[in-house]
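S.K.: One structure is given below, represented as structure tokens, and several questions about it will come after.
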Amino acid sequence: MNLPIGNTKVVADMIWEITGGDVFQIDTVKSYPKDYSATTNMAKKELNENARPELSGHVENMESYNVIFLGYPNWWGTMPMPVFTFLEEYDLSGKTIVSFCTHEGSGIGRSENDIEKLCPEATLLKGFAIYGSRVSAAKKDVADWLNQLS
Numbered sequence: 259m260n261l262p263i264g265n266t267k268v269v270a271d272m273i274w275e276i277t278g279g280d281v282f283q284i285d286t287v288k289s290y291p292k293d294y295s296a297t298t299n300m301a302k303k304e305l306n307e308n309a310r311p312e313l314s315g316h317v318e319n320m321e322s323y324n325v326i327f328l329g330y331p332n333w334w335g336t337m338p339m340p341v342f343t344f345l346e347e348y349d350l351s352g353k354t355i356v357s358f359c360t361h362e363g364s365g366i367g368r369s370e371n372d373i374e375k376l377c378p379e380a381t382l383l384k385g386f387a388i389y390g391s392r393v394s395a396a397k398k399d400v401a402d403w404l405n406q407l408s
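Quick note on our numbering: the sequence shown kicks off at 259 and runs consecutively.
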């Protein structure tokens with residue numbers, strides 16, 4: 259179950275190929291375990307503690323972006339806690355946030371509601387959720403979703 263390239267990155271790369279723009283990967287100072295079960299256990303602990311893991315990188319010029327595609331795996335019904343850290347780090351008022359997530363059965367979960375709570379002055383467009391096991395064949399689905407947004 260350990261993947262050479264994460265499912266969310268595969269979808270992010272598809273979005274980038276279609277839309278262009280810049281790519282920023284949300285990474286933490288403390289790495290997650292390579293083992294899937296160990297990672298999900300750590301994610302559950304962070305969620306239960308409402309943790310805000312420290313990020314290793316930052317977007318220096320966030321004010322220059324109007325639209326942000328925000329991708330993440332669905333961990334325990336929402337975004338991983340580092341995504342909460344990311345959203346709280348910036349003033350995203352007036353920006354458009356377009357979420358997408360990979361999952362194995364829980365869909366987008368409550369993540370859109372969580373984004374709305376964290377960024378009440380941003381505009382949220384309809385997110386996209388896809389089974390991680392189907393991302394390699396999802397380029398048409400991604401393109402169709404992006405076309406519906408415009």
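For each residue, glycine too, the CB sits at the ideal point set by N, CA and C.
By DSSP, does G329 sit in helix, in strand, or in coil?
M.R.: Looking up residue 329 in the sequence shown gives position 71. It is a strand residue.
S.K.: Please list, in chain order, all residues of the same chain as D372 whose beta carbon is under 6 angstroms from its beta carbon, the five residues on each side excluded.
M.R.: By 1-based counting over the sequence shown, the position of residue 372 is 114. Here the set comprises T336.
S.K.: Distance check for L407 and P378, CA to CA, integer angstroms please.
M.R.: Against the sequence shown, residue 378 aligns to sequence position 120. Against the sequence shown, residue 407 aligns to sequence position 149. Going from the Cα of P378 to the Cα of L407 covers about 20 angstroms.
S.K.: Quick check: what's the CA-CA separation for E346 versus R392?
M.R.: Numbered from 1 along the sequence shown, position 88 holds the residue referred to as residue 346. Numbered from 1 along the sequence shown, position 134 holds the residue referred to as residue 392. Cα to Cα, E346 sits roughly 31 angstroms from R392.
S.K.: For a test of your reading of the model: does the CB of S295 fall under 6 angstroms from any non-hydrogen atom of the ligand ADP? Yes or no.
M.R.: Among the components of this structure there are no ligands whatsoever, and the ligand ADP is therefore not found.
S.K.: Please tell me whether K397 and M272 are closer than 7 angstroms, where the distance is taken between their beta carbons.
M.R.: Walking along the sequence shown from the start, residue 397 turns up at place 139. Walking along the sequence shown from the start, residue 272 turns up at place 14. Yes.
S.K.: Hey, how far is the Cα of E362 from the Cα of G352?
M.R.: For the purposes of this step, residue 362 is taken as residue 104 along the sequence shown, with counting starting at 1. For the purposes of this step, residue 352 is taken as residue 94 along the sequence shown, with counting starting at 1. Cα to Cα, E362 sits roughly 32 angstroms from G352.
S.K.: Given a threshold of 16 other Cβ atoms within 10 Å of its Cβ, counted over all protein chains shown, does V269 qualify as buried or as exposed?
M.R.: In the sequence shown, counting from the first residue as 1, residue 269 sits at position 11. V269 should be labelled buried.
S.K.: Select from T360, L350 and E318 the residue whose C-alpha is nearest the C-alpha of K375.
M.R.: Taking the sequence shown and counting its residues from 1, the one referred to as residue 375 is at position 117. Taking only the C-alpha atoms, the option nearest K375 is L350.
S.K.: For the segment 312-388, which segments carrying the beta strand (DSSP E) assignment without a break, of at least 3 residues, lie completely within its bounds, in sequence order?
M.R.: Correct list: 325-331 and 354-361.
S.K.: Between which two residues does the alpha helix (DSSP H) carrying S295 extend?
M.R.: For the purposes of this step, residue 295 is taken as the residue at position 37 of the sequence shown. Y294 to N306 is the extent of the alpha helix (DSSP H) around S295.
S.K.: Are H291 and T297 touching if we call contact CB-CB under 7 angstroms?
M.R.: As a first step, residue 291 must be located in the sequence shown, where it is residue number 33. As a first step, residue 297 must be located in the sequence shown, where it is residue number 39. It is Pro, not His, that sits at residue 291 in the sequence shown. Cβ distance < 7 angstroms, so P291 and T297 count as in contact.
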